[in-house]
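Trainee:
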Amino acid sequence: MLKGKHIILGITGGIAAYKTAILTRLLIKRGAEVQVVMTPSAKEFITPVTLSALTGKPVVSEFFTANTGEWHSHVDLGLWADAMVIAPATACTIGKMANGVADNMLVTTYLSAKAPVFVAPAMDLDMMAHPSTTRNLELLRSYGNHIIEPAAGELASHLVGRGRMEEPENIVAVLEEFFDRSLPLKGKKMLITAGPTYERIDPVRFIGNFSTGKMGYAIADAAAKAGAEVTVVSGPVSVKPAEESVKVVKVESAQEMCSECVKLFPSMDLAVMCAAVADYAPAKVHDTKIKREQAETATIELRRNPDIAATLGGMKREGQTLVGFALETDHEEENARRKLASKNLDMIVLNSLAVPGAGFATDTNQVSIYGPAGLIESTPLLSKGAVASKLISLLS
Ligand code: C5P
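In the working numbering, the protein residues as written are 18 to 413.
(1) Verify the contact flag: Cys-109, CB atom, against every heavy atom of the ligand C5P, threshold strictly below 7 Å.
(2) Taking the alpha carbon of Thr-381 as the reference point, which residue from Met-285, Lys-113 and Leu-370 has its own alpha carbon closest?
(3) Would you say the beta carbon of Ile-236 comes nearer than 7 Å to a heavy atom of the ligand C5P?
(4) Which residues bound the alpha helix (DSSP H) around Thr-41?
(5) Look at the Cβ atom of Phe-377, then the Cβ atom of Ser-270, and state whether they are nearer than 8 Å.
(6) How about Ala-300 and Thr-214: do their beta carbons lie closer than 8 Å?
(7) Assuming contact is defined by CB atoms lying nearer than 8 Å, are Glu-216 and Ala-298 in contact in what I supplied?
(8) Tell me the start and end of each unbroken alpha helix (DSSP H) in the stretch 244-318 that is at least 4 residues and wholly inside, in chain order.
(9) Whole angstroms are fine: how far does the CA of Lys-36 sit from the CA of Ala-132?
(10) If you reduce the DSSP assignment to three classes, tell me which class Val-221 lands in.
(11) Going by C-alpha distance, which of Pro-138, Met-55, Lys-22 and Lys-60 is nearest Arg-47?
(12) Can at least three beta-carbon pairs, one atom from the stretch 333-345 and one from the stretch 245-257, be found at a separation below 8 Å?
(13) So does the stretch 26-42 actually touch the stretch 173-185, counting three or more Cβ pairs closer than 8 Å?
(14) List the endpoints of the continuous alpha helix (DSSP H) containing Phe-342.
(15) Tell me whether Pro-7 sits in a helix, a strand or coil according to DSSP, three-state version.
(16) Smallest Cα separation from Asp-238: which of Pro-258, Ile-224 and Pro-75?
(17) For the stretch 135-142 against the stretch 52-65, do three or more pairs of beta-carbon atoms, one drawn from each stretch, fall closer than 8 Å, so that the two count as touching?
(18) Compare the C-alpha of Lys-267 against each of Gly-244, Phe-342, Tyr-234 and Leu-287 and name the closest.
(19) Relative to the ligand C5P, is the shortest distance from any of its heavy atoms to the C-beta of Ile-325 smaller than 7 Å?
(20) How about Ala-106: is its Cβ closer than 7 Å to a heavy atom in the ligand C5P?
(21) In chain order, what are the residue ranges of uninterrupted beta strand (DSSP E) at least 3 long that sit wholly in the stretch 151-202?
(22) Nearer than 7 Å: is that true of the beta carbon of Val-384 relative to any heavy atom of the ligand C5P?
(23) Which residues mark the beginning and the end of the alpha helix (DSSP H) in which Val-92 is found?
(24) By DSSP's criteria, Val-134 is part of a beta bridge. Which residues make up the other side?
(25) Kindly indicate which three-state DSSP category Pro-389 falls into: helix, strand or coil?
(26) Can you look up Val-124 in the DSSP assignment and give me helix, strand or coil?
(27) Taking 8 Å as the threshold (C-beta atoms), are Ala-241 and Val-263 in contact?
(28) In three-state terms, what does DSSP make of Ser-413?
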């Protein structure tokens, strides 16, 4: 959940600052990139060297690097972050945040941050219970900040009460839950067909096409990143999903792909038909290799394959979304929109063979996406990953 997330860890001058080494370690272990911003007094409690060694990034504390005069941009930092966590947050910093007292790098970064902010207070029980603290935390809540409530227990003063910074494991759990909840396709099940189909002629030959599966697998990865539970029904390809959670069901022929999709579709919320399904298959599969010597000419009788997209379109129930692809050489829009209607699709993604770099076996694609009411969006030539993200954002 935290993989690749940019997290600013703001550390202030409280005893609990010693726990931030563990917090940093846990965030890094989960794949987050962490930038530590410390108040000057935080350095009395934990050294910047420890934290920069753990994060692999110099700790930021001052507005300028003294010897070079390099300015540390709190604005850039604020834009870089997917989340800002202030832990421990002392009464002093909470008060400054609540009232916009931007006299250090941490508070200026806080004021510049566009990302969600999480505040883990840590202080003595009387400070915690003081109406000033209560009012300042209330102000932070009113700004939309998330307060990670302190636990009750023995405090550094040996007094027992409420004010212990929440344990690093629990702070990480709060972040994970937040990112998990904010995934746009969380709880959705998605079926994707990808790659070509192979239609057997005899034990060593088949009818196939040049599809590599790159577009379908890119959609699978983008959907999984958006929180969907993804199953790819895939023809023979060498690509693999980058996201571990993507389930792959390997098939060979259109008939097998169709059977798997018909089984899976009823439990799905969304389905994207990206496979280049062979339109025809040999009517008879020879048991033995067809020999060249047998005849001067050979004819393979072909029989039409099932149209998987149209079959699922016929089964579609209320609440399900079905997306198809179209690869056209002429009357592109007209053909794509006709297919949208005839297959009972909700959206169709048209790739044009006329655009260099789009379509089969490339790493890029240029698409126009249509819905029943007409064009939804046309993209420039983009990586297949970017096209996939665009499609997923339209489905979210
Ligand atoms: O009819 P046409 O092949 O152009 O339609 C393309 C769309 O239909 C794609 O989404 C493709 O995956 C799907 N299709 C299918 N089964 C077929 C042929 C196409 O699912 N037999």
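The beta carbon of each residue, even a glycine, is placed where N, CA and C say it ideally should be.
Mentor: In terms of the structure at hand:
(1) Numbered from its first residue, the sequence shown carries residue 109 at position 92. Outside the cutoff, so no.
(2) Walking along the sequence shown from the start, residue 381 turns up at place 364. From the listed residues Met-285, Lys-113 and Leu-370, the smallest Cα separation to Thr-381 is found for Leu-370.
(3) Here residue 236 is taken as the residue at index 219 of the sequence shown, counted from 1. For the ligand C5P, not one heavy atom lies less than 7 Å from the Cβ of Ile-236.
(4) Counting from one through the sequence shown, the residue named residue 41 turns up at place 24. 37-46 is the span of the alpha helix (DSSP H), which, as asked, contains Thr-41.
(5) Numbered from 1 along the sequence shown, position 360 holds the residue referred to as residue 377. Numbered from 1 along the sequence shown, position 253 holds the residue referred to as residue 270. No, they are not a contact pair.
(6) Taking the sequence shown and counting its residues from 1, one reaches residue 300 at position 283. Taking the sequence shown and counting its residues from 1, one reaches residue 214 at position 197. Contact flag unset, no.
(7) One-based indexing of the sequence shown puts residue 216 at position 199. One-based indexing of the sequence shown puts residue 298 at position 281. Between Glu-216 and Ala-298, the C-beta spacing is below 8 Å.
(8) As far as the stretch 244-318 is concerned, its whole alpha helix (DSSP H) runs of at least 4 residues are 271-281.
(9) For the purposes of this step, residue 132 is taken as the residue at position 115 of the sequence shown. For the purposes of this step, residue 36 is taken as the residue at position 19 of the sequence shown. Rounded to the nearest angstrom, the two C-alpha atoms are 23 Å apart.
(10) Residue numbering aside, residue 221 sits at position 204 when the sequence shown is read from its first letter. Correct three-state label for Val-221: coil.
(11) In the sequence shown, residue 47 corresponds to position 30, counting from 1. Of all alpha-carbon atoms in Pro-138, Met-55, Lys-22 and Lys-60, the one lying nearest the alpha-carbon of Arg-47 is that of Lys-22.
(12) Touching, no.
(13) Three or more beta-carbon pairs separated by less than 8 Å link the stretch 26-42 to the stretch 173-185, which places the two stretches in contact.
(14) For this step, residue 342 is matched to residue 325 along the sequence shown. Residue range 338-345 is occupied by the beta strand (DSSP E) that includes Phe-342, with no alpha helix (DSSP H) assigned at that position.
(15) Past the boundaries of the shown model lies residue 7; the chain is included only from 18 to 413, so the question cannot be answered.
(16) As a working note, residue 238 is residue 221 in the sequence shown. The shortest C-alpha separation from Asp-238 is found at Pro-258.
(17) The stretch 135-142, when compared against the stretch 52-65, does not touch it at the 8 Å Cβ threshold.
(18) For this step, residue 267 is matched to residue 250 along the sequence shown. With distances taken between Cα atoms, Lys-267 lies closest to Tyr-234.
(19) Taking the sequence shown and counting its residues from 1, one reaches residue 325 at position 308. Ile-325 Cβ: within cutoff of the ligand C5P.
(20) The count along the sequence shown starts at 1 and reaches residue 106 at position 89. Every heavy atom of the ligand C5P is 7 Å or more from the Cβ of Ala-106, so no.
(21) Segments of the beta strand (DSSP E) lying fully in the stretch 151-202: 168-171 and 177-181.
(22) Taking the first residue of the sequence shown as 1, we reach residue 384 at position 367. Because no heavy atom of the ligand C5P lies under 7 Å away, the Cβ of Val-384 does not count as near it: no.
(23) For this step, residue 92 is matched to residue 75 along the sequence shown. In the DSSP assignment, Val-92 falls within the alpha helix (DSSP H) that extends over 91-97.
(24) To locate residue 134, count along the sequence shown from 1; it is residue 117. Per DSSP, the beta-bridge partners of Val-134 are Met-101.
(25) For the purposes of this step, residue 389 is identified with residue 372 of the sequence shown, where counting begins at 1. Coil.
(26) Against the sequence shown, residue 124 aligns to sequence position 107. Reduced to three states, the DSSP call for Val-124 is helix.
(27) Against the sequence shown, residue 263 aligns to sequence position 246. Against the sequence shown, residue 241 aligns to sequence position 224. Their beta carbons are under 8 Å apart, which means Val-263 touches Ala-241 by this criterion.
(28) As a first step, residue 413 is located in the sequence shown; it is residue number 396 there, counting from the start. DSSP places Ser-413 in coil when its eight states are reduced to three.
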